[in-house]
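J.: Numbering (the UniProt record's numbering), first residue to last: 1 to 250.
By construction, the Cβ of each residue, glycine as well, lies at the ideal position given by its N, Cα and C atoms.
First the structure, then my questions, so here it is.
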């Protein structure tokens, strides 16, 4: 069938020969005519704006032809109510899912995997709090009973090495070294805490503690330290005499 015969059959004959004149005022006349193309497969209907707006709001499906593939495509118009309903259904599905539901009750277990009741958990927490308080109290008592040097060593302070103490004792006993160093060497005596020590001779004690630089040199003790040191020396001398070979006397 040719294009001319198809147009005559569908829209009637155009043999009247009347030619429509354009209006003088230049206004375009509305027409519901179709765009005529080369083939009948490329005919696309022209919709009015009011019809297009109404179809967007209506719920349903409409057919559209793809000019390249010549296939009909069905498009559905989704309203806001449908979108809201789908969102509500998805939220309800997530809530009803068992994996997404939070557990109603927390289960506590001991080291062996046995379930604990609420009372047992409370008692365990109370015992833990009591232990922590007792540990803090014991730590505070230990710190109170510590000396300043012990606290320093407990915080990471480094005591003088054995070699340094040995060299210091040799220098103190060497009279020539004392003459060379003079008063500066005596004034440079400093404790582990950075305090100046007494530079002159002081009475010995069992702990090896040197008095501070402000000591006036008066021994106000009851003499126990002196007796203790003398007794210790006697015991050491007796041990040496008992262990000596009798033939050494000849």
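1) Ends of the alpha helix (DSSP H) at residue 239?
2) Assuming residue 205 is part of the alpha helix (DSSP H), what are its boundary residues?
3) Between the alpha carbons of residue 147 and residue 193, how many angstroms are there, rounded?
4) Can you list, in chain order, the residues of its chain with a C-beta nearer than 8 Å to that of residue 211? Leave out the 5 residues immediately preceding and following it.
5) Identify the continuous alpha helix (DSSP H) that holds residue 122 and give its terminal residues.
6) Restricting to Cα atoms, I'd like to know which of 213, 206, 218 is closest to residue 195.
7) For the alpha helix (DSSP H) containing residue 5, name the first residue and the last one.
8) Whole angstroms are fine: how far does the CA of residue 119 sit from the CA of residue 130?
9) Check for me: the alpha helix (DSSP H) holding residue 220 runs from which residue to which?
10) What number of angstroms, rounded off, separates the C-alpha of residue 251 from the C-alpha of residue 176?
11) So, with DSSP's three-state summary, where would you put residue 197?
12) For a test of the three-state rule: what should DSSP assign to residue 85, helix, strand or coil?
T.: In short:
1) If you number the chain shown from 1, residue 239 lands on position 239. Start and end: 224 to 242.
2) What you label residue 205 is simply residue 205 of the chain shown in a count that begins at 1. It is not in any alpha helix (DSSP H) - residue 205 carries neither H nor E in the DSSP assignment.
3) Here residue 147 corresponds to residue number 147 of the chain shown, with the count starting at 1. Here residue 193 corresponds to residue number 193 of the chain shown, with the count starting at 1. Taking the straight line joining both Cα atoms gives about 11 Å.
4) By one-based count along the chain shown, residue 211 stands at place 211. Around residue 211: 197, 198, 202.
5) Stepping through the chain shown from its first residue, residue 122 is reached at position 122. Start and end: 118 to 145.
6) Taking the chain shown and counting its residues from 1, one reaches residue 195 at position 195. Among 213, 206, 218, the Cα nearest to that of residue 195 belongs to 213.
7) Here residue 5 refers to the residue found at position 5 when the chain shown is read from its first residue. That run of the alpha helix (DSSP H) goes 3 to 11.
8) Against the chain shown, residue 130 aligns to sequence position 130. Against the chain shown, residue 119 aligns to sequence position 119. Distance between the alpha carbons of residue 130 and residue 119 is about 17 Å.
9) As a working mapping, residue 220 is identified with position 220 in the chain shown. Per DSSP, residue 220 belongs to no alpha helix (DSSP H) and is neither H nor E.
10) For residue 251 there is no data in the structure shown, the boundaries of the chain being 1 and 250.
11) Looking up residue 197 in the chain shown gives position 197. Residue state, collapsed to three classes: strand.
12) Sequence index remark: in the chain shown, residue 85 carries index 85 (1-based). Helix at residue 85.
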